[in-house]
Amino acid sequence: MSIILWNNQLINEEEINISKEDRGYQFGDGIYEVIRVYDGSMYTAKEHIDRLYESADKIRLIIPHTKDVFHKMMYDLIEANEVVTGQVYVQVTRGVSARQHQFPSPSVECVITAYTKEVARPVTQMANGVSAKTVEDVRWLRCDIKSLNLLGNVLAKQEAHDEGCFEAVLHRGDVITEGSSSNMYGVRGGVLYTHPATNYILNGITRRVILECCEEIGLPVVEEAMSLTNLYDHEEFFMSSTTAEILPIIMIDRKPIGTGLPGSWTTKLQAAFEAKINKAVLA
3 MSIILWNNQL INEEEINISK EDRGYQFGDG IYEVIRVYDG SMYTAKEHID RLYESADKIR
63 LIIPHTKDVF HKMMYDLIEA NEVVTGQVYV QVTRGVSARQ HQFPSPSVEC VITAYTKEVA
123 RPVTQMANGV SAKTVEDVRW LRCDIKSLNL LGNVLAKQEA HDEGCFEAVL HRGDVITEGS
183 SSNMYGVRGG VLYTHPATNY ILNGITRRVI LECCEEIGLP VVEEAMSLTN LYDHEEFFMS
243 STTAEILPII MIDRKPIGTG LPGSWTTKLQ AAFEAKINKA VLA
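Just add 2 to wherever you are in the sequence shown, counting from 1, and you've got this note's numbering.
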């Protein structure tokens, strides 16, 4: 039996009681984060918690804790479940109120829920690469908010899954945006290309670390939307996320990217990312 965080207390998971009038349940009116755990410690916890509060501000949701208190709540949850290598999932909804589209008036307290689970690192996929499928990006226009409204992402992921692919490469017309649950990157002519951090993508925490790694290893970065038309001009392609880390994409729409094997820049970035994890864990 696992322990979960329910508002400001740790309880057994069987004790949770989600109201039918929770606005997260009825409207997807809430936000979330997923934080990686290595050797019992959260990785880039500050950045994830900062982004959670940024998402809250964007949807006018008030989290009734300081960031330091929230951080400690996450660590207490990890310790209670004795997580070694895994993740923390946390979500905050606008609260429980009779169903109406506008915000509750007077306002109600938000509902915080968090749980942990052991999740192994995807070492085989990191070494061998994965396949992907291009899917039209039909999501709303505020993808910079990490909200609970993920139906567009779910449908895209399922479309990729139906064809035996690991991820969907989303595009709005000819513009590649990101993945259904990841950020996307292409390497062409010794330069890394990735969509700029606008409202069309989520500015991933792992994405931010990767851009730091690029500077460290001497890989120039152009934050510019990639073209679907020129997709196969890239010598390398890869995706990133909190749980997937850096995964080479060696095939898209059943066509190989570059040599059809993980590229040298991708493996260099994996090594640089690994070094950052090790440094954080040992700190």
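Glycine included, each C-beta is placed from N, C-alpha and C at the ideal position.
C-beta atoms of residue i and residue j nearer than 9 Å
i	j	result
H197	I212	no
V171	K148	no
G188	F239	yes
V39	V110	no
T95	L152	no
G154	R144	no
H88	L63	Strictly speaking, residue 88 in this sequence is Gly, with His absent from that position. No, the pair does not count as a contact, with Cβ atoms beyond the cut-off.
F168	L221	no
C-alpha gap between residue i and residue j, whole angstroms
i	j	result
Q160	Q272	27 Å
L263	D52	36 Å
A47	I37	7 Å
R123	A129	11 Å
E17	I6	9 Å
A199	D70	26 Å
V156	D146	17 Å
G181	I20	30 Å
Y34	L54	7 Å
E138	H163	15 Å
Where the alpha helix (DSSP H) containing residue i begins and where it ends
i	result
R25	25 to 29
K148	Careful: K148 lies outside any alpha helix (DSSP H) and carries neither H nor E.
N83	69 to 83
Q102	Here Q102 belongs to no alpha helix (DSSP H), and DSSP marks it neither H nor E.
Contact belief for residue i with residue j at Cβ below 8 Å, rounded distance in angstroms
i	j	result
S243	T118	With 8 Å as the limit, S243 and T118 do not qualify as a contact, their Cβ atoms being about 18 Å apart.
I252	E49	Actually they do not touch by this definition, with Cβ atoms about 29 Å apart.
D24	V92	Not a contact, Cβ separation roughly 15 Å.
I254	L230	Not confirmed; about 10 Å, so no contact.
E120	V85	6 Å
Residue i: first and last residue of the uninterrupted beta strand (DSSP E) it sits in
i	result
M253	247 to 254
V171	169 to 174
V224	223 to 225
N185	185 to 190
**Report entry** Three CB pairs or more closer than 8 Å across the region 4 to 15 and the region 69 to 84
**Finding:** yes
Query - Stretch pair the region 20 to 35 + the region 90 to 104: three plus CB contacts closer than 8 Å - result: yes
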